[in-house]
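**Student:** Reminder that position 112 of the sequence shown reads as 122 in the numbering used here, one-by-one numbering, no gaps.
The C-beta atom is built at its ideal place from N, Cα and C for all residues, glycine as well.
Bear in mind that the values here come from a model prediction, so they are computed numbers and not experimental data.
My questions will all concern the structure given below.
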Amino acid sequence: MVFGGGAVWSLFDDRTILRASYGEGFKAPTLYQLHSEYGNSALDPEKSRGWDAGVEQHLFDHKLILSATWFERNTDNLITYNGCPTSNRPPLCLAPGTTTPRAGYYANIQRSEAHGLEMAGLAQIGRLTIDGNYSWIVAEDRSPGLNFGNQLARRPRHAANATARYAWPFGLNTAVAMRWSGETIDTARTSATVTPFVNRAYTIIDLRAEMPVTQTLTLFARAENLFDDYYETARRYGQLGRSIYAGFRARL
């Protein structure tokens with residue numbers, strides 16, 4: 011059984027909003043995490059509990075909105091991927107029941123903790139709307155032992171997004187979006203001699219356009235990763251380069 015709840019308090023004619031929530035979670039390991047080539051049939055389910063509290067402020071007749079939220083979360087038996095060293099391999103770096111080496115395996119982190127601050131803003135200036143958010147997240151292994159205090163794999167400590175949209179008088183809607191992620195480590199440290207691979211920070215720019223032709227037909231186009239940057243969110247898993255899409259949506 012898990013529990014969750016929240017509360018919202020609106021003040022000063024909805025110009026100031028206070029909110030808070032508490033929640034618990036449960037996540038069973040997937041079949042892939044249990045039985046794939048990287049599987050570990052001894053995995054335990056994840057159990058988490060966390061809370062957050064924040065404030066949202068509306069200014070200038072709701073044309074400027076600012077918000078900030080602080081959160082904390084504790085997780086027992088967090089399921090994560092561990093890469094294997096090329097030498098001095100622990101038993102889980104061998105395929106179950108064999109002596110065949112494997113690249114990595116899923117395992118439980120006995121205890122992990124995350125806390126941080128999320129800030130967001132939105133401004134409307136005539137036909138132009140600008141919004142963005144920034145996250146500062148400290149996510150660490152809190153299990154007793156060698157890994158205590160290490161940053162969790164593939165969790166950027168800093169991340170941000172921003173979008174600028176413009177609604178043209180003749181119906182065209184255009185937008186430019188930015189996604190930025192700070193560097194991450196790719197796998198948890200497994201011994202004093204293993205240094206985790208670092209996925210570098212990256213910035214991605216997207217463009218979008220949408221034009222209604224009739225009440226039921228809309229044309230759209232978008233360019234993702236406009237500057238064709240190479241980046242990885244996981245080691246050796248490169249993401250798409252520049253991609254162009256165009257089409258239409260019809261309501262019948």
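DSSP beta-bridge partners for Gln67?
**Tutor:** Thr26, Leu76
**Student:** Using the DSSP secondary-structure output, state which residues sit across from Pro222 in a beta bridge.
**Tutor:** Thr228
**Student:** Pull the bridge partners of His45 from the DSSP assignment, please.
**Tutor:** DSSP, once it has assigned bridges, lists no residue as partnering His45.
**Student:** Let me know if Asn145 comes out buried or exposed under the rule of 16 or more other beta-carbons within 10 Å of its beta-carbon.
**Tutor:** Before going on, a small fix: residue 145 reads as Ser here, not Asn. It counts as buried.
**Student:** From the DSSP output, which residues share a beta bridge with Leu102?
**Tutor:** Bridge partners of Leu102: none, in fact.
**Student:** Is there contact between the stretch 121–136 and the stretch 98–113, where contact requires at least three CB pairs shorter than 8 Å?
**Tutor:** no
**Student:** Taking its Cβ as the centre, do 16 or more other Cβ atoms sit within 10 Å of Tyr49, making it buried, or is it exposed?
**Tutor:** The sequence shown places Gly at residue 49, rather than the Tyr named in the question. With 16 or more Cβ atoms within 10 Å of its Cβ, Gly49 is classed as buried.
**Student:** Work out the CA separation of Asn143 and Asp239 for me, nearest whole Å.
**Tutor:** 22 Å
**Student:** Check each candidate in Phe237, Glu242, Val186 and name the one with the smallest Cα separation from Thr194.
**Tutor:** Glu242
**Student:** Near Gly248, which residues of its chain fall below 7 Å by C-beta distance, leaving aside the five closest residues on each side in sequence?
**Tutor:** Tyr240, Glu242
**Student:** Going by DSSP, what residue range makes up the beta strand (DSSP E) through Gln276?
**Tutor:** In the structure as shown, the chain begins at 11 and stops at 262. Residue 276 is therefore absent and cannot be evaluated.
**Student:** Drop a sphere of 10 angstroms on the beta-carbon of Leu250, count the other beta-carbons inside from all chains shown, and report buried for 16 or more, exposed for fewer.
**Tutor:** exposed
**Student:** Do Ala133 and Ala185 count as a contact pair if the criterion is CB distance below 9 Å?
**Tutor:** Contact flag unset, no.
**Student:** Beta-carbon within less than 8 Å of Asp196's beta-carbon, same chain only, minus the 5 sequence neighbours each way: which residues are those?
**Tutor:** The residues Gly93, Ala163, Arg164, Pro206, Phe207, Val208, Asn209, Ala244, Arg245, in chain order, have a CB closer than 8 Å to that of Asp196 in the same chain once the five nearest residues on each side in sequence are set aside.
**Student:** Would you call the CB atoms of Arg232 and Ala256 closer than 9 Å?
**Tutor:** yes
**Student:** According to DSSP, simplified to helix, strand and coil, what is Phe207?
**Tutor:** coil
**Student:** Can the beta-carbon of Arg167 be found less than 9 Å from the beta-carbon of Gly192?
**Tutor:** yes
**Student:** So, at 6 Å on beta carbons, what are the nonlocal neighbours of Leu28 in its own chain, with the 5 sequence-adjacent residues on each side left out?
**Tutor:** Take Leu28, set aside five residues on each side of it, and the residues of its chain with a beta-carbon closer than 6 Å to its own are Trp19, Val65, in chain order.
**Student:** With DSSP as the reference, please indicate the residues paired to Pro111 in a beta bridge.
**Tutor:** Answer by DSSP bridge pairing, in chain order: Leu104.
**Student:** Between Glu82 and Ser122, which are expected to be in contact by the criterion C-beta below 8 Å, what is the C-beta distance as a whole number of angstroms?
**Tutor:** Incorrect: roughly 12 Å between the Cβ atoms, too far for contact.
**Student:** Using the Cα positions of Pro95 and Leu76, report the straight-line distance between them to the nearest angstrom.
**Tutor:** 46 Å
**Student:** Taking the DSSP output, what are the residues bridged to Leu250?
**Tutor:** Bridge partners of Leu250: none, in fact.
**Student:** With distances taken Cα to Cα, identify the nearest neighbour of Phe258 among Met221, Asn235, Arg252.
**Tutor:** Met221
**Student:** Can you give me the C-alpha to C-alpha distance between Thr203 and Ala169, rounded to a whole angstrom?
**Tutor:** Low local confidence applies: a pLDDT of 47 at Thr203 is under 50, so the model's placement there is unreliable, with the coordinate-based value given in what follows. If you take the alpha carbons of Thr203 and Ala169, they lie about 29 Å apart.
**Student:** Which term fits Leu88, buried or exposed, when burial requires 16 or more other beta carbons within 10 angstroms of its beta carbon?
**Tutor:** Its Cβ being crowded by 16 or more others within 10 Å, Leu88 is buried.
**Student:** Would you mind working out which of Phe36, Leu74, Trp61 sits nearest Gly136, comparing C-alpha positions?
**Tutor:** Leu74
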